[in-house]
Amino acid sequence: MVMGDLSTFDPIVTTATMTGNHGLAIYDMLFSLDSKLIPQPQMVGKWAVSDDKKTYTFELRDGLGWHDGTPVTAKDCVASICRWGEVPSGGKLIVERASDISAQDDKTLIISLREPMGLLIEILAGAVTPVLYIMREKDANLAATEQVTANIGSGPFKFNHALAKPGASFTYDRNEKYVPRHEPTDGFAGGKVVNVDRVIWENITDQQTAVAALQSGEVDFHLLPPADLYPAIESDTNLALQVLNKAGDVYFMRMNCLQKPFDNVKARQAMLHLIDQEAFMRTSFPPEYTRTITSFFGNQTPYTNDENTGWYKKGGDPEKAKQLFKEAGYAGEKVVILQRTDWAEAGNCAQLLAVTLRKIGVNAELAPGDSASNGARRRNKGSVENDGWSIFITSESDYERSTTLSNPTLTANGEQGWWGWPQSDEYEALRAKWADVETLEERQALAREMQRIQWDIAGTVLLGSVLSPIARRKTLTGLIEMPSLTAMWNMQKVPA
Amino acid sequence: MAAYILRRFVSTIAVMAMVGIFIFLLLRLARGDPAAMIAGRNAAPQLIASIREHLGLNDPMPVQFMRWVRDMLGGDFGTSIFAGRPVLDLISQRLEPTLSLSILTMILSVSVGVSFGILAAWRSGGLLDRLLAAFSAVGYSVPVFVIGYFLIYFFAIRTHWLPVQGYIPLNQGLGPWFVHLILPTVALGLGYIAFIARVTRASMLEVLSEDYMRTAAAKGASSYAMLFHHALKNAGVPILTVIGISFAYLIGGVVLTETVFNIPGIGRLVVDAINNRDYPIIQSVLILTSGLYVLINLTVDLAYTLIDPRIRY
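The structure is reproduced here in structure tokens:
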């Protein structure tokens, strides 16, 4: 399988998708999402919640064991929850609100809350990195900033240390002692049945070579073939493109709300009107794989809505954008767009953005850089004259835009928040309520209100949505279609 | 001779120290944040800040430098920030593919390049010379990745004669090891064949025009004896210099070939480390490569004495 580089092993210390995939293979989870994104018990056998909805009791199912041969215990789960609870905001929320997270016996753990939290199970089952993978207690006792490199889990695959070649390839062997659940596979939930003895992840950095290896049958799967090679794949009768993440990925830009010109809300709103999403998506993707998007909460999540989306106009509205920049008092300040040189799709969007801005008289300048240098520059809250920045472009899965409590990109808490630092106390107050409301309908109502505020403050501007297919040989079947992460169980090689 | 070798070893240490300081400063002054790379592109700023602190990246630069020097002097080249494994382990894992590719390429380049050069000089101005000149021009000017893609297309995808990519260690069989290295060796070797052929031709032509060559011809020496016993030996010093430089360049310059053919060698290790800002790997590989460069040059210098008895140190 051509998967990409697994540079960090520890799925708690990073948000990297590849590490999330690695975790999905070797670790197990208390709860997992099914194909409808509804949490289902995975390591948990029986569970119950007290009448006052403050105490959750989880009993681990039989047959769970670590790859080193020792049994999984409730203490391992407690330590894992506490370590994970240091990183994503959803995990932090659970730990903050818990009066007790402890093991009652070897197989039973309890989470006692100070007040009810309707979303507890959803947060535990979340598939956005960092995911709550259960680790051995001694691994989970490490600080959340210190990497766990033992790679010993209780999941359906065992990490083969002897064959690991960091940067080049990693080997995963079937965990023959893994006891899958009896239910059929359903998304990440149900029985994790492994049908292959070994899976090798290759990091083939040259995309031309990766597709050639797929064509010649040296590999069976390519996670992220570049769009310009789709025709070559489609024309090969032995190969197929398949969209596993049906909801797709959302491309968006963030503006530096602390510096001119985007410290003025009118300038940020101008960007909402300026963007022609179809044009931006065309820079890198065939039209049949792209869609426009207007909801802050993604195109295909339970919280997708149309509140305050009047700004959207097919083809964009440069005149309106020009007018809003004028109202913002724009006086020719330099707008620096961070352009990724090692991520072609984001880099292409940055180039088009620079051209589009210049057309309406904005003094836009590209700042090319790789992931590491852009990542470092993003930290700078200063002006562009002091090596700061104005705009950067990134993406995340559509599903992630529904994870309001865990996803830092959905915050609006100013300088305490995510890069760009938009601030709205009203939005944050609504976000704080998210964990407390009981029903989906109540959260959907909150989502409409939050979206109204987001499109008013315009800290984020959406560039479009894309479905990124994987490429596979037709002899590889049974791939699990889920957002965010790629599972390796259930798939099998069938005769040609 | 012994004093000369000792002096060169001392200068090697000095060169490595200079490279070390330069690389350390360059990496710290270049923009980039390993903590951000570990945490991922959509990580919370607080997580990145705590990883930076944990890795000691917030320490003053002199403190970081002294820590690195102290560890190096103790034989500890550090641990990869990302893989969490000792850098020397990672380097040793990547050394075999790079050395295999480099050595096979040098064998191919020297044997074919010197032969072509001799043939071209022997038939100077003739059709063979022109054909070889054309071959050299193409081999030297076409980028290795273009040659690589052509080879992959014809010999792997169309005919399935050879594998597209990958590397099989020598301990898993000589056959699979060799088969996986054929295309990369040819792709990488073409440029070196062209280079060595041009230098050999020029060097041979110079020697062939010497008076003693006319004397040898007048004495009835055969073409074979003239070319190989008299001319090649006297043309050997510049050829050997080029071979030495080429080999040293190969060790650090195979990254494109390793990338096109997905060979997990030193070149890719360094490129990945640079992308991730994995400082310990970059520093260690560059220090060791600089030492290797100097040692190869020393070996070439010493080899001159075998070819030309007039050279003494």
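Chains A and B supply the protein sequences, listed in that same order. Residues are numbered in this note's numbering as their position in the first sequence, beginning at 1, plus a constant of 162. Residues are numbered in this note's numbering as their position in the second sequence, beginning at 1, plus a constant of 1017. All C-beta atoms in this analysis are idealised placements derived from N, C-alpha and C, irrespective of residue type, glycine included.
Open item on the list: Can you look up E714 of chain A in the DSSP assignment and give me helix, strand or coil?
Closed with: Examination of residue 714 of chain A is not possible in this model, given that chain A is present from 163 through 658 alone.
Task: L615 of chain A, enclosing alpha helix (DSSP H) - first and last residue - done: Checking the sequence shown, residue 615 of chain A turns out to be Ile, not Leu. Looking at the DSSP string, the run of the alpha helix (DSSP H) that includes I615 of chain A is L602 to I619.
Open item on the list: If you measure between the beta carbons of M650 of chain A and V361 of chain A, is that distance less than 8 Å?
Closed with: yes
Task: Proximity test, Cβ basis, 8 Å: I1068 of chain B and chain A - done: Closer than 8 Å to some Cβ of chain A, the Cβ of I1068 of chain B qualifies, so yes.
Task: In DSSP terms, what H384 of chain A is bridged to - done: A:V164 and A:A633.
Open item on the list: Let me see if you follow: with CB-CB separation under 8 Å, is A1053 of chain B close to chain A or not?
Closed with: yes
Open item on the list: Taking CB distances under 8 Å as the criterion, tell me whether D479 of chain A reaches chain B.
Closed with: Taking 8 Å as the threshold, the shortest C-beta distance from D479 of chain A to chain B does not fall below it.
TODO: Please state whether DSSP places A1133 of chain B in a helix, a strand or coil.
DONE: For the record, residue 1133 of chain B in the displayed sequence is Phe; it is not Ala. Residue state, collapsed to three classes: helix.
Task: Per DSSP, the bridge partner or partners of W1139 of chain B - done: None, per the DSSP bridge assignment.
Open item on the list: Along the stretch 1171-1190 of chain B, where does the CB come closer than 8 Å to a CB of chain A? Name the residues.
Closed with: A1173, I1174, H1177, P1180, V1181, Q1182 and G1183
- [ ] Answer with buried or exposed for I1030 of chain B, where buried requires no fewer than 16 other C-beta atoms within 10 angstroms of its C-beta.
- [x] exposed
Task: Contact belief for A1052 of chain B with I1065 of chain B at Cβ below 8 Å, rounded distance in angstroms - done: Their Cβ separation, rounded to whole angstroms, is 5 Å, which keeps A1052 of chain B and I1065 of chain B in contact under 8 Å.
- [ ] Measure how close the beta-carbons of G477 of chain A and R1285 of chain B come, nearest whole angstrom, since I'm counting them as under 8 Å.
- [x] Their Cβ separation, rounded to whole angstroms, is 44 Å, which puts G477 of chain A and R1285 of chain B out of contact at 8 Å.
Task: Assigned secondary structure, D190 of chain A (DSSP; H/G/I helix, E/B strand, else coil) - done: strand
TODO: Measure the C-alpha to C-alpha separation of T371 of chain A and V1272 of chain B and round it to an integer number of angstroms.
DONE: Between T371 of chain A and V1272 of chain B, the C-alpha separation is close to 15 Å.
Open item on the list: I'd like to know if R1084 of chain B contacts chain A, where contact means its C-beta is closer than 8 Å to some C-beta of that chain.
Closed with: no
Task: Span of the alpha helix (DSSP H), counted from its first residue to its last, around F414 of chain A - done: Counting along the chain, F414 of chain A falls outside any alpha helix (DSSP H), though it belongs to the beta strand (DSSP E) covering D411 to M417.
TODO: May I have the straight-line CA-CA distance separating M1243 of chain B from K1250 of chain B, to the nearest angstrom?
DONE: 10 Å
TODO: Mark L275 of chain A as exposed unless 16 or more other C-beta atoms lie within 10 angstroms of its C-beta, in which case mark it buried.
DONE: buried
- [ ] Using a Cβ cut-off of 8 Å (strictly closer), state whether Y1296 of chain B contacts chain A.
- [x] no
Task: For R336 of chain A: DSSP bridge partner residues - done: A:F319
Open item on the list: Using beta carbons (cut-off 8 Å, strictly below), is Q585 of chain A in contact with chain B?
Closed with: no
TODO: Could you list which residues in chain B have their beta carbon closer than 9 Å to that of E122 of chain A, in chain order?
DONE: The shown model of chain A, from 163 to 658, leaves out residue 122 of chain A, and the question about it has no answer.
Open item on the list: Is it buried or exposed, T291 of chain A, if we count other Cβ atoms within 10 angstroms and call 16 or more buried?
Closed with: buried
TODO: Could you tell me how far apart the beta carbons of L629 of chain A and G252 of chain A are, in whole angstroms, since I believe they sit closer than 8 Å?
DONE: Not really, about 26 Å apart at Cβ, beyond 8 Å.
Task: Any C-beta of chain A under 8 Å from that of D1289 of chain B - done: yes
Task: Residue-level contact to chain A via CB, Y1166 of chain B, 8 Å cutoff - done: yes
- [ ] Would you kindly check if the distance between the Cβ of L1200 of chain B and the Cβ of F1172 of chain B is under 8 Å?
- [x] Contact flag set, yes.
Task: Listed by chain order, chain B residues near E380 of chain A by CB distance under 8 Å - done: P1180, V1181, Q1182 and G1183
- [ ] Could you name the residues of the stretch 526-551 of chain A whose beta carbon sits closer than 8 Å to any beta carbon of chain B, in the order they occur along the chain?
- [x] Against chain B - using a Cβ distance shorter than 8 Å - the residues of the stretch 526-551 of chain A are G531, D532, S533, A534, S535, G537, A538, R539, R540 and R541.
Open item on the list: E364 of chain A and S331 of chain A - do their beta-carbons sit closer together than 8 Å?
Closed with: yes
Open item on the list: Spatial neighbours of L385 of chain A within its chain, please: C-beta separation below 8 Å, excluding the five flanking residues on both sides.
Closed with: Here the set comprises M163, V164, M165, G166, I632 and T648.
- [ ] Could you spell out the range, first to last residue, of the beta strand (DSSP E) harbouring W1178 of chain B?
- [x] That residue, W1178 of chain B, is in no beta strand (DSSP E); it is neither H nor E in DSSP.
Open item on the list: Along the chain, where does the alpha helix (DSSP H) containing E588 of chain A start, and where does it finish?
Closed with: D587 to K595
TODO: Name, in chain order, the residues that DSSP records as bridge partners for Q501 of chain A.
DONE: A:P530
- [ ] Pick helix, strand or coil for P1062 of chain B, following the three-state DSSP scheme.
- [x] helix
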